[in-house]
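Presented below is the structure to which this report refers.
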Amino acid sequence: MNCQLASDSIFYQNALYRFIYDTAGTLVPCSFSHVIAGLTIMLMLVNSVLLGAALVTWLERRLLGRLHNRIGPNRWGPFGLLQPIADLVKLITKEDLVPSGADRIIFTAVPLVMMVPLVLMTAVIPFAQDTMLADLNIGVLFILAVSSATTIGIFMAGWSSNNRYALFGAARSVAVLISYEVPVVISLLGVVMISGSMSLNDIVHAQSIPFLLVQPIALFVFVTGMSAELNRTPFDIAEAESEIIAGYHTEYSGIKFALIFATETGAMLVVSAVIATLFLGGWNGPLEDFLGWFWFLLKTLAIIFVFIWVRATYPRLRLDQIMALSWKFLLPLSLINLAITAVEVFLLRDASGHLSLADLWIMAAINIPMAILLILLMGGLFQKKINSLPVRTETPMVPGVPTIEVK
Amino acid sequence: MYGLGMARGLLVTLKNMTKKPFTIQYPEERVKQHPRFRGEEFVWYEERCTGCASCAKYCPLGIIKIVTSPSESAPKEGDKYKLEVFDIELQRCMFCGLCVEACPYDCLFMGSGFEQGRYSREDMVIHVEDLRNSAKNPSTFYRPQLEQSGYDPRGGRPLSWREVGREKWDWHKREKAGLRLIETDIDSPSEESR
Numbered sequence: 037m038n039c040q041l042a043s044d045s046i047f048y049q050n051a052l053y054r055f056i057y058d059t060a061g062t063l064v065p066c067s068f069s070h071v072i073a074g075l076t077i078m079l080m081l082v083n084s085v086l087l088g089a090a091l092v093t094w095l096e097r098r099l100l101g102r103l104h105n106r107i108g109p110n111r112w113g114p115f116g117l118l119q120p121i122a123d124l125v126k127l128i129t130k131e132d133l134v135p136s137g138a139d140r141i142i143f144t145a146v147p148l149v150m151m152v153p154l155v156l157m158t159a160v161i162p163f164a165q166d167t168m169l170a171d172l173n174i175g176v177l178f179i180l181a182v183s184s185a186t187t188i189g190i191f192m193a194g195w196s197s198n199n200r201y202a203l204f205g206a207a208r209s210v211a212v213l214i215s216y217e218v219p220v221v222i223s224l225l226g227v228v229m230i231s232g233s234m235s236l237n238d239i240v241h242a243q244s245i246p247f248l249l250v251q252p253i254a255l256f257v258f259v260t261g262m263s264a265e266l267n268r269t270p271f272d273i274a275e276a277e278s279e280i281i282a283g284y285h286t287e288y289s290g291i292k293f294a295l296i297f298a299t300e301t302g303a304m305l306v307v308s309a310v311i312a313t314l315f316l317g318g319w320n321g322p323l324e325d326f327l328g329w330f331w332f333l334l335k336t337l338a339i340i341f342v343f344i345w346v347r348a349t350y351p352r353l354r355l356d357q358i359m360a361l362s363w364k365f366l367l368p369l370s371l372i373n374l375a376i377t378a379v380e381v382f383l384l385r386d387a388s389g390h391l392s393l394a395d396l397w398i399m400a401a402i403n404i405p406m407a408i409l410l411i412l413l414m415g416g417l418f419q420k421k422i423n424s425l426p427v428r429t430e431t432p433m434v435p436g437v438p439t440i441e442v443k
Numbered sequence: 302m303y304g305l306g307m308a309r310g311l312l313v314t315l316k317n318m319t320k321k322p323f324t325i326q327y328p329e330e331r332v333k334q335h336p337r338f339r340g341e342e343f344v345w346y347e348e349r350c351t352g353c354a355s356c357a358k359y360c361p362l363g364i365i366k367i368v369t370s371p372s373e374s375a376p377k378e379g380d381k382y383k384l385e386v387f388d389i390e391l392q393r394c395m396f397c398g399l400c401v402e403a404c405p406y407d408c409l410f411m412g413s414g415f416e417q418g419r420y421s422r423e424d425m426v427i428h429v430e431d432l433r434n435s436a437k438n439p440s441t442f443y444r445p446q447l448e449q450s451g452y453d454p455r456g457g458r459p460l461s462w463r464e465v466g467r468e469k470w471d472w473h474k475r476e477k478a479g480l481r482l483i484e485t486d487i488d489s490p491s492e493e494s495r
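For the protein sequence lines, the chains are A and B, in the order given.
Residues in the first sequence are numbered from 37 upward in steps of one, following our numbering.
Residues in the second sequence are numbered from 302 upward in steps of one, following our numbering.
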């Protein structure tokens, strides 16, 4: 009874954990306090992901409607706010089908395999000052590793469905993931170099100005790469409705489909939170001791709006265009950004390896014009390559069979 | 330039946020309907109909079924037939309006409604009683005389059989008085028109 969290505990930096631990310590034996504190925060995180996913579904449909000069769902509840509940009730009451010839165990495990990494990602995101489930010192690496694990679920779905469209979708998704993981990881290296830590909380502490200004190229590459990894428009070839029905979740119905759908929108929410943490300064803002959660939510919503805005605007890219965008545009861009940042950090840091506020402003002054110049320049180069479609030659090599030749 | 085009595309969708949505919330709001709209519930004036069955002959789908019998008075030349059956199978009707164009006596009109959803296929067949009892709000489709009078079927008053013809009532009276009219109706309209 009446036990306090030891100051050498790995959870000591975590304000919310410490608060719940100390409160529970006055009521139950000390051995239970860790269990209670951990379970409470986990419950909060899981529910915030699921409820947040439902709200993001509503937000996405409403905003898509407004961006397309429509209204969006508005019949059920004020502004259609109860629409996710109506969707959920519909999906729960639908028949839960498993196709014949499907691998039942793997088929059933897929929603879980997709949902768990998503919830795990939220564990390291600081949603207020010094408040997260676990302040891992390899937070960025953890997020990159865990976010890729969802693709295993996608491939399991495609392989176990006994449906060729599902397999096509899964294969496309894996191809996209392999291409985009490289520039995404390299772009994050710049952020890690500047802040000198991989812990997300330390990165937020290091952002005396948002890294949006210091690392604009990294933000661009990260947003693009993440929207490709989330299979969002314009990179949604894994579930392209007009090409392969619904991609990997073609055969899913009922509550399984609801979970997969919640994973997709929830992934957007969590990735937006990560971007807000890494590039927009997370809970930094006026009155951050009390309003940290508000600034964090505001920045997350801003990133979500960008994702929805991009989805409302651009048409779907072809597979070869997506590959070209990754390997010919984003990868060189992120490599150049890495080199520039490395030189800047090497020249500007003081003896203890830290960067002052003035150093960050100098870097911003160099990097923002550099970003605009590089994106326009390399976009021009990219444009020439993307137009080289296959052309039919005049004389067929085999009589009667027209030859396809790439110019 | 490539990147600028992408940015311009983003601006196009962002501008839509400031505009009023184009959506018209149907049950509460309605689009203004053109008077020529070809709707369901055909408007039929029994007083003008002779039972010639031109509409049934011209229907490309053959969904109009007409059975007539000689009227009680002895069938003289130009006398009208009595309609036993006048069935229109709306479930296959494509609202081309050829039956209305074919009608030589201006007695069949397209309707102006479009909310006639039914729960069974049997209900989709319009019978002669339904035609007799339906609201007389004829569409102005292929009826220039209605269009010139500025008649609007949506919200306009129902028209009686004397108001919808190509010619004035006096013309009918002079040229073909009584020939295709029900006997009880012969006297009253002429008195009204004076």
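We put the beta carbon where it would ideally sit given N, CA and C, even for glycine.
- For Thr349 of chain A, the nearest beta carbon of chain B is closer than 9 Å to its own beta carbon.
- Shown in chain order are the members of the region 79 to 112 of chain A whose Cβ falls below 7 Å from a Cβ of chain B: Arg102, Leu103, His104, Asn105, Arg106, Ile107.
- The count of Cβ pairs closer than 8 Å, one atom from the region 97 to 110 of chain A and one from the region 255 to 266 of chain A, stays below three, leaving the stretches out of contact.
- In the three-state DSSP reduction, Gly137 of chain A falls in the coil class, being neither helix nor strand.
- The C-beta of Trp363 of chain A comes no closer than 9 Å to any C-beta of chain B.
- Close to Lys320 of chain B, with beta-carbon spacing below 8 Å, are these residues of chain A in chain order: Asn105.
- Here DSSP, grouped into helix, strand and coil, assigns Gly328 of chain A to helix.
- Using a CB distance cut-off of 9 Å, Gly310 of chain B counts as an interface residue toward chain A.
- Taking a C-beta distance under 9 Å as the contact criterion, Leu295 of chain A and Met151 of chain A qualify as a contact pair.
- Around Trp329 of chain A, no beta-carbon contact reaches into chain B at under 7 Å, the shortest distance being about 27 Å.
- The residue from A:Val182, A:Asp272, A:Ser388, A:Ser392 with its alpha-carbon nearest to that of Leu355 of chain A is A:Asp272.
- With 16 or more other Cβ atoms inside 10 Å of its own Cβ, Phe204 of chain A counts as buried.
- Against chain B, a Cβ distance below 8 Å from Trp345 of chain A picks out Leu311, Thr314, Leu315.
- Spanning the alpha carbons of Met359 of chain A and Ala211 of chain A requires a straight line of approximately 9 Å.
- Fully contained in the region 340 to 366 of chain B are the following beta strand (DSSP E) runs of length 3 or more, in chain order: 340 to 345.
- Where Asp132 of chain A is concerned, there is no enclosing beta strand (DSSP E), because DSSP gives it neither an H nor an E.
- In the displayed model, Lys321 of chain B falls within coil according to three-state DSSP, outside both helix and strand.
- Fully contained in the region 98 to 133 of chain A are the following alpha helix (DSSP H) runs of length 4 or more, in chain order: 119 to 129.
- A direct Cα-to-Cα measurement between Thr187 of chain A and Arg208 of chain A gives close to 11 Å.
- Asp388 of chain B is bridged by DSSP to B:Lys366.
- Taking one beta carbon from each stretch, the region 326 to 333 of chain A and the region 174 to 190 of chain A have fewer than 3 pairs nearer than 8 Å; the two do not touch.
- The Cβ of Leu117 of chain A sits no closer than 9 Å to any Cβ of chain B.
- Ranked by how close their Cα comes to the Cα of Glu96 of chain A, the residues A:Ala375, A:Arg268, A:Leu393, A:Leu366 have A:Arg268 in first place.
- Three or more beta-carbon pairs separated by less than 8 Å are not found between the region 130 to 137 of chain A and the region 376 to 390 of chain A, which leaves the two stretches without contact.
- For the region 323 to 340 of chain B, the set of positions with a beta-carbon nearer than 7 Å to some beta-carbon of chain A reads Phe323, Thr324 in chain order.
- Asn50 of chain A is classed as buried because its beta carbon has at least 16 other beta carbons within 10 Å across all chains shown.
- A Cβ-Cβ separation of about 11 Å leaves Phe410 of chain B out of contact with Ser435 of chain B under the 8 Å criterion.
- Pairing Tyr420 of chain B with Ile427 of chain B, the inter-Cα distance amounts to about 14 Å.
- Put simply, the CB of Leu412 of chain A is near chain B, with a gap under 9 Å to one of its CB atoms.
- With respect to Tyr216 of chain A, Ser362 of chain A sits close: the two C-beta atoms are nearer than 9 Å.
- At the C-beta level, Ser308 of chain A and Ile340 of chain A come within 9 Å of one another.
- According to DSSP, residue pairing for Thr167 of chain A in a beta bridge involves A:Ala164.
- With a threshold of 16 other beta carbon atoms within 10 Å, Gln449 of chain B falls short and is exposed.
- In this structure, Phe396 of chain B sits away from Glu347 of chain B, with a CB-CB distance that is not shorter than 9 Å.
- The count of Cβ pairs closer than 8 Å, one atom from the region 355 to 368 of chain B and one from the region 400 to 407 of chain B, reaches three, so the stretches are in contact.
- If the five residues before and after Val149 of chain A are omitted, its C-beta is found closer than 7 Å to the C-beta atoms of Ile188, Gly189, Met192, all from its own chain and listed in chain order.
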